[in-house]
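Chains as they are written, first to last, in full-length UniProt numbering: chain A, 1 to 279; chain B, 1 to 245. No residue lacks a Cβ here, since even glycine has one placed at the ideal position from N, Cα and C. Here the structure is a predicted model, which means the values were calculated and not measured. This report refers to the structure that appears directly beneath it.
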């Protein structure tokens, strides 16, 4: 068992997400930054969708009770295994009693901790991804324990990956959303030639942007929304739905983020700058 | 059978959106569900296809690979012309117990005053109608219900509440519905439904599907309290009848 000594700001268990229940209103959930989560799993030679720990801004302090191997990646935190700092995208062996502490966030927003063979929390509706009310809790809490398999011996084929980091990327590639047509030249110019700032309202459900554009009076019937759907409200506010986002909405869907852009955005926090590029 | 003029638009690389005429209409919804059922049965049976019907649209999502939009939308149009009467899915009318007690229906008194009707009249109007489920979303298990009698239409509350209790039954504009979880909300609360609309312990966490119908019936506070205890241990029973057999 992994003991959560301190849970941090918003630490969750995530896998690829929950599929097959969108028509019942259940969000996909799953890794926010899929690209980083896949890499840490790959280094441990796990299946890429094994359950990992998603760490947001202020990380946890964790204690291991069995030997295993771990790998962290995504945002850059200063992370110590007992008294030694460890690096992103590198495989480390841990022993019973070892303590892993996440310190200062240096870059990005979300880190991923993968463990050999994945975390073994309960599978609910086909996924381990934490999302209340599907899972009883929305995030990990102090003193909670999490199951994992003990692993004594493992020699990774690659024990360190020089990752092409996208933490500095500011450009979100998008394709046209179903209501792209309502954007006139004036709005398009602003959307594609200006930078936008991440608002304080950003979480696993949605990211809002500080700058507004010209609003609209389009009223539409409720229809499906997806992770990465960019909605424009009547007042001109831009909202980008993320993995825990609602499955239906009534605002025009102007863009759809690429998978890579969702990972890039997942590493942004309040005050960071982004721009849109149409592909 | 009717074939509407449908439009197909890309919705990112993994999804596309099929739209029917922009109206809230049972015939349109039925046609959407027929097409969904037809696609599921004949062409897109794989679990990797997800389909979200709502009001006048059907969204198709394929997570395994990008969709070739030009090719696939042509294919869909061809399939749509082959759609036949027979492919309508089985649907149900669900009878849902609601306790319209002033303690649970925290706005019931003010609603009756604003509508200039007695509490009893409000309850009768609300329970006499059969509502159609036009969509499920916003929250897991939240139904968008159509068919509210115009005499029960009233604006949402000026000040939304930070917390509306799970199970609360509300009125807002042309809509009525049940909060499947505790959540913030601005609807006028007139009662509480005693069966959970979302239960992650069940294989199908939400028994209702888009296209089903819902009718509320009034229960006493004692019946409500008993149902709540039953729901906690997962032994609530649901009343349903087929309506398009």
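Nearest residue (CA-CA) to residue i, options the options
i, options, result
"residue 116(A)", "124(A), 91(A), 128(A)", "91(A)"
"residue 251(A)", "55(A), 223(A), 263(A), 274(A)", "223(A)"
"residue 190(B)", "235(B), 55(B), 114(B)", "114(B)"
"residue 45(A)", "119(A), 262(A), 154(A)", "154(A)"
"residue 170(B)", "9(B), 137(B), 123(B)", "123(B)"
"residue 113(A)", "136(A), 125(A), 148(A)", "148(A)"
"residue 140(A)", "86(A), 82(A), 61(A)", "61(A)"
"residue 108(A)", "19(A), 196(A), 55(A), 50(A)", "55(A)"
"residue 47(B)", "167(B), 55(B), 63(B), 58(B)", "63(B)"
"residue 276(A)", "247(A), 193(A), 227(A)", "193(A)"
"residue 160(A)", "270(A), 256(A), 71(A), 203(A)", "71(A)"
"residue 95(B)", "226(B), 204(B), 229(B), 193(B)", "193(B)"
"residue 95(A)", "231(A), 105(A), 82(A), 66(A)", "66(A)"
"residue 226(B)", "21(B), 195(B), 201(B), 177(B)", "195(B)"
"residue 42(B)", "131(B), 26(B), 82(B)", "82(B)"
"residue 121(B)", "134(B), 141(B), 100(B)", "100(B)"
"residue 104(A)", "79(A), 93(A), 248(A)", "79(A)"
Residues near residue i by beta carbon distance below 8 Å, same chain, minus five either side
i, result
"residue 236(A)", "212, 213, 214, 215, 216"
"residue 127(B)", "98, 215, 216, 217, 218"
"residue 129(B)", "147, 148, 149, 215"
"residue 157(A)", "45"
"residue 151(B)", "115, 117, 125"
"residue 184(B)", "160, 161, 162, 163, 164"
Own chain partners of residue i with C-beta closer than 7 Å, once the 5 adjacent residues on each side are dropped
i, result
"residue 187(A)", "213, 214"
"residue 243(B)", "91, 92, 93, 213"
"residue 110(A)", "32, 33, 54, 55, 56, 74, 75, 266, 267"
"residue 135(A)", "124"
"residue 206(A)", "239, 240, 241, 242, 245"
"residue 17(A)", "28, 29, 30, 127, 129, 243"
"residue 48(A)", "38, 41, 42"
"residue 201(A)", "208"
"residue 264(A)", "166, 169, 172"
Residues near residue i in its chain [Cβ-Cβ closer than 6 Å; skip 5 each side]
i, result
"residue 245(B)", "The predicted position of residue 245(B) is uncertain, since its pLDDT is 45 and thus under 50; no value can be drawn from it."
"residue 59(A)", "8, 77, 102"
"residue 186(B)", "156, 157, 160"
"residue 51(A)", "13, 15, 118, 119, 128"
Proximity test, Cβ basis, 7 Å: residue i and chain B
i, result
"residue 29(A)", "no"
"residue 23(A)", "yes"
"residue 224(A)", "yes"
"residue 234(A)", "no"
"residue 79(A)", "no"
"residue 134(A)", "yes"
"residue 155(A)", "no"
"residue 125(A)", "yes"
"residue 67(A)", "no"
Start and end residues, alpha helix (DSSP H) containing residue i
i, result
"residue 228(B)", "221-232"
"residue 259(A)", "259-266"
"residue 166(B)", "Careful: residue 166(B) lies outside any alpha helix (DSSP H) and carries neither H nor E."
Closer than 7 Å to chain A by CB, residue i
i, result
"residue 96(B)", "no"
"residue 92(B)", "no"
"residue 206(B)", "yes"
"residue 54(B)", "yes"
"residue 181(B)", "yes"
"residue 136(B)", "yes"
"residue 245(B)", "Any reading at residue 245(B) is ruled out, since the residue's pLDDT is 45, under 50, leaving its predicted position unreliable."
"residue 15(B)", "yes"
"residue 57(B)", "yes"
"residue 196(B)", "no"
"residue 38(B)", "no"
"residue 144(B)", "yes"
"residue 160(B)", "no"
"residue 177(B)", "no"
"residue 173(B)", "no"
Start-to-end residues for the beta strand (DSSP E) that takes in residue i
i, result
"residue 77(A)", "68-81"
"residue 215(B)", "213-218"
"residue 75(B)", "No beta strand (DSSP E) holds residue 75(B); the alpha helix (DSSP H) holding it covers 69-81."
"residue 96(B)", "92-99"
"residue 3(A)", "2-6"
"residue 110(A)", "99-115"
"residue 9(B)", "7-10"
"residue 175(B)", "175-178"
Supposed contact pair residue j and residue i - C-beta distance, whole angstroms, cut 8 Å
i, j, result
"residue 278(A)", "residue 174(A)", "6 Å"
"residue 88(B)", "residue 39(B)", "About 13 Å separates the two Cβ atoms, so there is no contact after all."
"residue 221(A)", "residue 28(B)", "The pair is not a contact, with the Cβ atoms about 10 Å apart (cut-off 8 Å)."
"residue 86(A)", "residue 177(A)", "That pair is no contact at about 41 Å."
"residue 1(A)", "residue 198(A)", "Contact flag wrong, Cβ pair sits at about 36 Å."
7 Å Cβ cutoff, residue i in contact with chain D
i, result
"residue 26(A)", "Of the protein chains in this structure, namely A and B, none is chain D."
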